[in-house]
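If you read the sequence shown in the numbering used here, its first letter stands for residue 2, the second for the next number, and so on.
Glycine included, C-beta positions come from ideal geometry on N, C-alpha and C.
Notes for the one structure printed next.
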Amino acid sequence: MRTISRIALLATALAVATPGVAQDTAPTPRPEVEITGVIATATPRTGAVTGFPIPRYVSLKAGEANARRGPSRSHRIDWVFQRRNMPMMVVAEYGHWRRVVDRDGAGGWMHYSLLSGVRTAIVESDMLQMHQRPDPASPVRAQAELGVVARLEECNGEWCRISTGGHWGWVPVSALWGVEPGEIVD
2 MRTISRIALL
12 ATALAVATPG
22 VAQDTAPTPR
32 PEVEITGVIA
42 TATPRTGAVT
52 GFPIPRYVSL
62 KAGEANARRG
72 PSRSHRIDWV
82 FQRRNMPMMV
92 VAEYGHWRRV
102 VDRDGAGGWM
112 HYSLLSGVRT
122 AIVESDMLQM
132 HQRPDPASPV
142 RAQAELGVVA
152 RLEECNGEWC
162 RISTGGHWGW
172 VPVSALWGVE
182 PGEIVD
(Lines of atoms letter the chains of each structure in order from A and count residues from 1; the text may use other names and numbers.)
(Lines give C-alpha, C1' and ligand atoms only; values in the text may rest on other atoms or scores of the structure.)
Protein backbone atom coordinates (compact mmCIF):
# COMPACT_ATOMS: atom_id res chain seq x y z
CA MET A 1 0.00 0.00 0.00
CA ARG A 2 1.13 3.54 -0.75
CA THR A 3 0.93 6.22 1.88
CA ILE A 4 -0.04 9.87 1.38
CA SER A 5 -0.02 12.27 4.25
CA ARG A 6 -0.99 15.91 4.45
CA ILE A 7 -1.26 18.26 7.35
CA ALA A 8 -4.31 20.48 7.66
CA LEU A 9 -3.69 23.23 10.15
CA LEU A 10 -5.98 25.62 12.00
CA ALA A 11 -7.76 24.12 14.97
CA THR A 12 -6.35 20.59 14.52
CA ALA A 13 -3.70 18.78 12.53
CA LEU A 14 -5.08 15.88 10.52
CA ALA A 15 -3.40 13.15 8.47
CA VAL A 16 -4.78 12.31 5.01
CA ALA A 17 -4.35 9.14 3.02
CA THR A 18 -2.13 6.13 3.05
CA PRO A 19 -1.24 5.28 -0.55
CA GLY A 20 0.28 1.96 -1.32
CA VAL A 21 0.35 0.05 -4.54
CA ALA A 22 2.97 -2.67 -4.67
CA GLN A 23 5.80 -2.08 -7.12
CA ASP A 24 4.68 -4.97 -9.33
CA THR A 25 1.17 -3.66 -10.02
CA ALA A 26 -0.22 -1.03 -12.34
CA PRO A 27 -1.48 2.29 -10.95
CA THR A 28 -5.16 2.79 -10.20
CA PRO A 29 -7.11 3.40 -13.42
CA ARG A 30 -8.60 6.86 -13.80
CA PRO A 31 -12.37 7.37 -13.56
CA GLU A 32 -14.64 7.67 -16.59
CA VAL A 33 -14.90 11.45 -16.24
CA GLU A 34 -12.20 14.04 -16.65
CA ILE A 35 -11.32 15.33 -13.16
CA THR A 36 -10.80 19.00 -13.89
CA GLY A 37 -12.16 20.35 -10.63
CA VAL A 38 -15.29 21.52 -12.39
CA ILE A 39 -18.25 19.16 -12.32
CA ALA A 40 -20.01 21.30 -14.91
CA THR A 41 -17.45 20.25 -17.55
CA ALA A 42 -18.23 16.55 -17.09
CA THR A 43 -21.12 15.04 -19.00
CA PRO A 44 -24.05 15.29 -16.59
CA ARG A 45 -25.63 11.95 -15.81
CA THR A 46 -27.24 10.10 -12.95
CA GLY A 47 -26.09 7.04 -11.07
CA ALA A 48 -27.79 3.81 -12.10
CA VAL A 49 -28.06 2.75 -8.45
CA THR A 50 -29.00 5.94 -6.56
CA GLY A 51 -30.34 8.22 -9.27
CA PHE A 52 -28.15 11.01 -7.85
CA PRO A 53 -26.00 13.13 -10.20
CA ILE A 54 -22.60 11.82 -11.24
CA PRO A 55 -20.12 13.25 -10.58
CA ARG A 56 -21.06 14.62 -7.14
CA TYR A 57 -19.33 15.43 -3.87
CA VAL A 58 -19.61 13.45 -0.64
CA SER A 59 -17.39 13.16 2.44
CA LEU A 60 -15.71 10.31 4.28
CA LYS A 61 -17.81 9.11 7.19
CA ALA A 62 -15.11 6.84 8.58
CA GLY A 63 -11.74 7.75 10.07
CA GLU A 64 -10.17 5.09 7.90
CA ALA A 65 -11.53 3.99 4.52
CA ASN A 66 -10.13 1.54 1.97
CA ALA A 67 -10.27 2.44 -1.71
CA ARG A 68 -10.12 -0.74 -3.77
CA ARG A 69 -9.18 -1.57 -7.33
CA GLY A 70 -12.69 -2.84 -8.08
CA PRO A 71 -16.21 -2.88 -6.58
CA SER A 72 -15.91 -5.79 -4.10
CA ARG A 73 -14.01 -6.79 -0.96
CA SER A 74 -12.02 -9.31 -3.01
CA HIS A 75 -10.26 -6.54 -4.96
CA ARG A 76 -6.92 -5.33 -3.64
CA ILE A 77 -6.69 -2.10 -1.64
CA ASP A 78 -4.95 0.71 -3.51
CA TRP A 79 -5.46 3.54 -1.00
CA VAL A 80 -6.32 3.88 2.68
CA PHE A 81 -7.78 7.30 3.39
CA GLN A 82 -7.33 8.35 7.01
CA ARG A 83 -9.03 11.71 7.25
CA ARG A 84 -12.61 11.76 8.49
CA ASN A 85 -14.84 14.29 6.69
CA MET A 86 -12.48 14.62 3.71
CA PRO A 87 -14.44 15.59 0.59
CA MET A 88 -14.50 13.03 -2.22
CA MET A 89 -15.99 13.10 -5.70
CA VAL A 90 -18.21 10.15 -6.68
CA VAL A 91 -17.60 9.38 -10.36
CA ALA A 92 -19.30 5.96 -10.72
CA GLU A 93 -21.66 3.56 -8.92
CA TYR A 94 -21.99 -0.23 -8.89
CA GLY A 95 -24.30 -1.90 -6.38
CA HIS A 96 -23.21 -0.86 -2.88
CA TRP A 97 -19.92 0.52 -4.20
CA ARG A 98 -18.95 4.06 -5.25
CA ARG A 99 -15.91 4.99 -7.36
CA VAL A 100 -14.42 8.05 -5.65
CA VAL A 101 -11.46 10.37 -6.20
CA ASP A 102 -9.89 12.99 -3.97
CA ARG A 103 -8.65 16.42 -5.05
CA ASP A 104 -5.43 14.87 -6.39
CA GLY A 105 -7.26 12.24 -8.46
CA ALA A 106 -6.31 9.37 -6.11
CA GLY A 107 -9.07 6.97 -5.19
CA GLY A 108 -10.86 3.77 -6.03
CA TRP A 109 -14.01 1.86 -5.17
CA MET A 110 -15.42 2.36 -1.65
CA HIS A 111 -18.38 0.74 0.04
CA TYR A 112 -21.19 3.27 0.35
CA SER A 113 -21.33 2.85 4.16
CA LEU A 114 -17.95 4.65 4.40
CA LEU A 115 -19.34 7.78 2.73
CA SER A 116 -21.66 10.54 3.91
CA GLY A 117 -23.83 13.08 2.14
CA VAL A 118 -22.55 15.77 4.54
CA ARG A 119 -20.79 18.36 2.39
CA THR A 120 -17.26 19.41 3.23
CA ALA A 121 -14.54 21.23 1.32
CA ILE A 122 -10.76 21.62 1.44
CA VAL A 123 -9.31 25.12 1.66
CA GLU A 124 -7.15 25.66 -1.43
CA SER A 125 -5.42 28.93 -0.50
CA ASP A 126 -3.28 29.76 2.50
CA MET A 127 -4.63 32.03 5.23
CA LEU A 128 -8.04 32.26 3.56
CA GLN A 129 -10.04 35.09 5.08
CA MET A 130 -13.44 34.01 6.44
CA HIS A 131 -15.75 37.03 6.19
CA GLN A 132 -18.80 38.05 8.25
CA ARG A 133 -20.93 38.24 5.09
CA PRO A 134 -20.51 37.11 1.46
CA ASP A 135 -18.74 40.36 0.63
CA PRO A 136 -14.97 40.95 0.45
CA ALA A 137 -15.43 44.33 2.18
CA SER A 138 -17.10 42.76 5.24
CA PRO A 139 -15.12 42.18 8.46
CA VAL A 140 -12.87 39.11 8.65
CA ARG A 141 -13.98 36.67 11.36
CA ALA A 142 -11.10 34.17 11.08
CA GLN A 143 -8.52 32.75 8.70
CA ALA A 144 -8.15 29.18 7.48
CA GLU A 145 -4.86 27.64 6.44
CA LEU A 146 -4.21 25.69 3.27
CA GLY A 147 -5.51 22.11 3.49
CA VAL A 148 -8.08 22.66 6.23
CA VAL A 149 -11.23 20.55 5.86
CA ALA A 150 -14.31 22.66 6.58
CA ARG A 151 -18.01 21.87 6.64
CA LEU A 152 -20.09 23.60 3.96
CA GLU A 153 -22.99 25.30 5.71
CA GLU A 154 -24.42 27.02 2.62
CA CYS A 155 -23.33 28.28 -0.80
CA ASN A 156 -24.97 30.92 -2.99
CA GLY A 157 -23.05 30.16 -6.18
CA GLU A 158 -20.16 32.57 -5.59
CA TRP A 159 -19.60 32.40 -1.83
CA CYS A 160 -19.83 29.58 0.72
CA ARG A 161 -20.33 29.77 4.45
CA ILE A 162 -17.92 27.28 6.01
CA SER A 163 -17.24 26.23 9.58
CA THR A 164 -14.13 24.65 11.05
CA GLY A 165 -12.50 24.52 14.45
CA GLY A 166 -15.37 26.41 16.07
CA HIS A 167 -15.09 29.30 13.59
CA TRP A 168 -17.31 30.20 10.66
CA GLY A 169 -17.30 32.66 7.82
CA TRP A 170 -17.97 33.30 4.15
CA VAL A 171 -15.30 32.48 1.56
CA PRO A 172 -15.21 32.58 -2.25
CA VAL A 173 -16.12 29.28 -3.94
CA SER A 174 -12.91 29.53 -5.99
CA ALA A 175 -10.85 29.02 -2.79
CA LEU A 176 -12.38 25.59 -2.06
CA TRP A 177 -12.23 22.03 -3.44
CA GLY A 178 -15.49 20.19 -2.88
CA VAL A 179 -17.93 22.67 -4.36
CA GLU A 180 -18.30 24.00 -7.89
CA PRO A 181 -18.65 27.61 -9.07
CA GLY A 182 -22.34 28.41 -9.40
CA GLU A 183 -23.40 25.52 -7.15
CA ILE A 184 -26.11 26.25 -4.58
CA VAL A 185 -25.90 24.39 -1.25
CA ASP A 186 -28.62 24.87 1.35
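Query, Result
"Rounded C-alpha distance that separates Trp-169 from His-112", "31 Å"
"Where Phe-82 falls, given that 16 or more other Cβ within 10 Å makes a residue buried", "buried"
"Meets three-Cβ-pair contact criterion under 8 Å: the segment 66-85 and the segment 124-143", "no"
"Length of the line joining the Cα atoms of Leu-129 and Leu-147", "8 Å"
"At least 3 beta-carbon pairs within less than 8 Å: the segment 146-162 vs the segment 115-133", "yes"
"Beta-carbon proximity check, Ala-93 vs Ile-78, cutoff 9 Å", "no"
"Neighbour-count burial assignment, Glu-65, 16 or more Cβ in a 10 Å radius", "exposed"
"Option in Gly-118, Val-174, Gly-158, Met-89 with minimal Cα separation from Met-131", "Val-174"
"Under 9 Å between C-beta atoms of Val-102 and Met-89", "yes"
"Ala-151 - containing beta strand (DSSP E), residue span", "150-157"
"Val-59 versus Asn-157: straight-line alpha-carbon distance, rounded", "18 Å"
"For Ser-117, three-class secondary structure by DSSP", "strand"
"Collapsed DSSP secondary structure at Thr-51 in the structure displayed", "coil"
"Buried or exposed by the 16-neighbour rule on C-beta atoms within 10 Å, applied to Pro-56", "buried"
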